[in-house]
Every structure is written in C-alpha cells, then in structure tokens.
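J.:
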Amino acid sequence: MATIVPEEIDLNQLRRQLQGHFGELPPAGYVRGKTALRAAIVQILQCSELESEQLVDTLEARRMIRYEGEKRDAIDDLESFWQLAP
C-alpha cells in the first residue's frame, strides 16, 4: 500500500474517478455512502483507510461531494444519495 501525500492529490480528478467508479448510482445513505466512498478511494489510490477517510472529509468540506439528505438522522436514509458531480 502506497503512502500518499494529500497535497499532491488532484481532488477534481479524484472526484471524477469516484463518479466513474459509482457510475449512474451514487452511494446511498450518509454513513453507508461515506463508507463506500472511503472504500472506493482505497481501491482507486491504493492508500490506507485513514488516508481515504481524510480525503473524503476534505472533498466534503470543500463541497466537491455533498450528501443530499439529513446527516443527523438516527437511521441512515438510503433514499438520499451522495452527489459526486460539481
């Protein structure tokens, strides 16, 4: 597993790779979807789970990916999806 340098990651390219990975069906549910995003980044970049978690958090903080539902729901709403498009 390669160590990545977060500052060297092209976040727009990573977002496009995530779009390609998930195709027409973006991840559903806040927790389950975020878990799927992290797993996809591990697969795409061959990085650690911690690094992928940091990248998902960065993408979300920069609003490059967004969850369309309510994050605070006690039960993961599988009818709400992550938006991976700009």
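Numbering (our numbering), first residue to last: 353 to 438.
No residue lacks a Cβ here, since even glycine has one placed at the ideal position from N, Cα and C.
1) Where does Leu-389 land, buried or exposed, given buried means 16+ other C-beta within 10 angstroms?
2) Indicate whether the contact test is met: 3 or more Cβ pairs, each with one atom in the region 370-380 and one in the region 388-402, closer than 8 Å.
3) Determine the extent of the alpha helix (DSSP H) in which Arg-385 is found, giving its start and end residues.
4) Identify whether Arg-418 lies in helix, strand or coil by the three-state DSSP scheme.
5) When you compare only the Cα positions, how much space is there between Leu-366 and Asp-429?
6) The alpha helix (DSSP H) that contains Val-306, what's its start and end?
T.: According to the structure data:
1) buried
2) yes
3) Note that residue 385 is Gly in the sequence shown, not Arg. Here the alpha helix (DSSP H) through Gly-385 covers 382-397.
4) strand
5) Going from the Cα of Leu-366 to the Cα of Asp-429 covers about 25 Å.
6) Examination of residue 306 is not possible in this model, given that the chain is present from 353 through 438 alone.
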